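Undergrad: Here it is, the structure in full.
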Amino acid sequence: MRMAELSSVSGVPVATIKYYLREGLLQPGERTSPNQARYGEAHVRRLKLVRALIDVGGLSIAAVQETLGAIDDQVSTHSALGFAQKGIAMPDVAVDEETRAWALSRFEGVAKEQGWDLCTDDPAIEVLISVMGAFRDLGHENLLDGLPQYASASRQIAEQDLASLAGMKSVEQIVESAAVGTVLGDTLLMALRRIAQQEVSHRVYGD
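Position one of the sequence shown corresponds to residue 1 (UniProt numbering), numbered consecutively onward.
Take a look at the structure:
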């Protein structure tokens, strides 16, 4: 297909496709003349992946380039998912060293119980530390007593997340679905938690 048709099929404007080509996010098409090229289904799939990573996952162009590079270099699926997850937008937080040490000390036991290896420069760890610090600062440190149960439930959710990817054949499909599933899944889990809280509150406290 020509670029105009590629744009129509993928829903991505021609100007954006050209930008992706310049940035190396999309492989060049097959040249049919100095000013024309042909594109195929592989280009449609790649465009859908790029849009999912940028529009849904909130990844920067640099993060998308890194993720696509990992896919094209045929790294392990685990590594490719790591590049994609690392690029998904997380709150930018700053935590003082005392809070960091306290939170890590408290979480290390929970992580060990789950069999998790802590990577202290992981953005998710930074967010966790800041949230734990906020609980303490607000005088609700007791709410962290449920951290082991939250971790266990999160592990089950993660296992379900990965199980839902099992039938997919390509790393591109897996990474795209994981990005969409992570971002939309966070909102899904929030809604389910609210519904569950309403039900449990009604059971515990009545009308």
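Virtual Cβ for every residue (Gly too), placed ideally from N, Cα, C.
This structure is a prediction, so every number in the text was calculated from the model and none was measured.
#1: Check each candidate in P91, K169, S7 and name the one with the smallest Cα separation from G58.
#2: Tell me whether the region 127-141 and the region 89-108 touch, counting them as touching only if at least three CB pairs, one residue from each stretch, are closer than 8 angstroms.
#3: Hey, how far is the Cα of L144 from the Cα of R136?
#4: Considering only residues of the same chain and omitting the five flanking positions on each side of L53, which have a CB-CB separation below 6 angstroms?
#5: My guess is that I88 and T182 are in contact by the Cβ rule of under 8 angstroms, so how many angstroms apart are they, rounded?
#6: Among all the DSSP beta bridges, which residues are the ones paired with Q36?
#7: Between the alpha carbons of Q74 and L138, how many angstroms are there, rounded?
#8: Under 8 angstroms, do Y20 and G29 count as touching if we go by C-beta distance?
#9: Might you give, ordered along the chain, the residues of its own chain that have their beta carbon closer than 7 angstroms to the beta carbon of T77, omitting 5 neighbours on each side?
#10: Measure the C-alpha to C-alpha separation of Q85 and S154 and round it to an integer number of angstroms.
#11: From H202 to I195, what does the alpha carbon distance come to, in whole angstroms?
#12: Do you know offhand how far L118's Cα is from E5's?
#13: Going by C-alpha distance, which of Q160, M3, E176, Y205 is nearest P189?
#14: From this set, M168, E41, R46, which residue's C-alpha is nearest M1's C-alpha?
TA: Let's see:
#1: As a first step, residue 58 is located in the sequence shown; it is residue number 58 there, counting from the start. Checking every option, the nearest Cα to that of G58 belongs to P91.
#2: Taking a cut-off of 8 angstroms for Cβ pairs, the region 127-141 and the region 89-108 touch, as three or more such pairs fall below it.
#3: As a working note, residue 144 is residue 144 in the sequence shown. As a working note, residue 136 is residue 136 in the sequence shown. Take the alpha-carbon of L144 and the one of R136: they are about 9 angstroms apart.
#4: Here residue 53 refers to the residue found at position 53 of the sequence shown. Correct list, in chain order: L59, V64, A179.
#5: Translated into the one-based positions of the sequence shown, residue 88 becomes position 88. Translated into the one-based positions of the sequence shown, residue 182 becomes position 182. Rounded, the Cβ-Cβ distance is 6 angstroms, consistent with contact.
#6: Residue 36 sits at position 36 when you count from the first residue of the sequence shown. Answer is S33, bridged to Q36.
#7: Numbered from its first residue, the sequence shown carries residue 74 at position 74. Numbered from its first residue, the sequence shown carries residue 138 at position 138. Going by the C-alpha atoms only, they are around 47 angstroms apart.
#8: For the purposes of this step, residue 20 is identified with residue 20 of the sequence shown, where counting begins at 1. For the purposes of this step, residue 29 is identified with residue 29 of the sequence shown, where counting begins at 1. No.
#9: Within the sequence shown, the letter at position 77 stands for residue 77. The residues are V171, I174.
#10: Here residue 85 is taken as the residue at index 85 of the sequence shown, counted from 1. Here residue 154 is taken as the residue at index 154 of the sequence shown, counted from 1. Straight-line Cα distance between these residues: approximately 16 angstroms.
#11: Translated into the one-based positions of the sequence shown, residue 202 becomes position 202. Translated into the one-based positions of the sequence shown, residue 195 becomes position 195. Approximately 11 angstroms between the Cα atoms of the pair.
#12: Walking along the sequence shown from the start, residue 118 turns up at place 118. Walking along the sequence shown from the start, residue 5 turns up at place 5. Cα-Cα distance, rounded: 47 angstroms.
#13: Within the sequence shown, the letter at position 189 stands for residue 189. Sequence check: residue 189 is Leu here, not Pro. The shortest C-alpha separation from L189 is found at Q160.
#14: The count along the sequence shown starts at 1 and reaches residue 1 at position 1. With distances taken between Cα atoms, M1 lies closest to E41.
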